[in-house]
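Working notes for the structure below.
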Amino acid sequence: MHIAEGFLPPLHAALWTALAAPFVAAGVRRANR
73 MHIAEGFLPP LHAALWTALA APFVAAGVRR ANR
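Per the working numbering: the sequence shown = residues 73 to 105.
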């Protein structure tokens with residue numbers, strides 16, 4: 073799912089990143105184990 077640059081409002085993009093980051097970090101940690 074790719075969204076064109078500039079489509080999301082900055083606040084929405086920041087909120088989405090903040091929500092997704094912990095799950096991405098957990099996945100990377102699990103993959104590196």
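C-beta: ideal position from N, C-alpha, C; glycine also. Keep in mind the model is a prediction, meaning the values are calculated, not measured.
Suppose you measure from the CA of R105 to the CA of A97; what does that come to, to the nearest Å? Residue mapping note: residue 105 aligns to position 33 of the sequence shown, counting from 1. Residue mapping note: residue 97 aligns to position 25 of the sequence shown, counting from 1. If you take the alpha carbons of R105 and A97, they lie about 12 Å apart.
Which class does P81 belong to by DSSP, given the choice of helix, strand or coil? One-based indexing of the sequence shown puts residue 81 at position 9. Reduced to three states, the DSSP call for P81 is coil.
Measure the alpha-carbon distance for R102 versus A90 and round it to whole angstroms. Along the sequence shown, read from residue 1 onward, the residue named residue 102 stands at position 30. Along the sequence shown, read from residue 1 onward, the residue named residue 90 stands at position 18. Cα to Cα, the separation comes out at about 19 Å.
Ordered along the chain, which non-local residues of its own chain (more than five positions away) have a Cβ less than 7 Å from that of H84? The count along the sequence shown starts at 1 and reaches residue 84 at position 12. Apart from the 5 residues on each side of it in sequence, H84 has no Cβ closer than 7 Å to any other Cβ in its chain.
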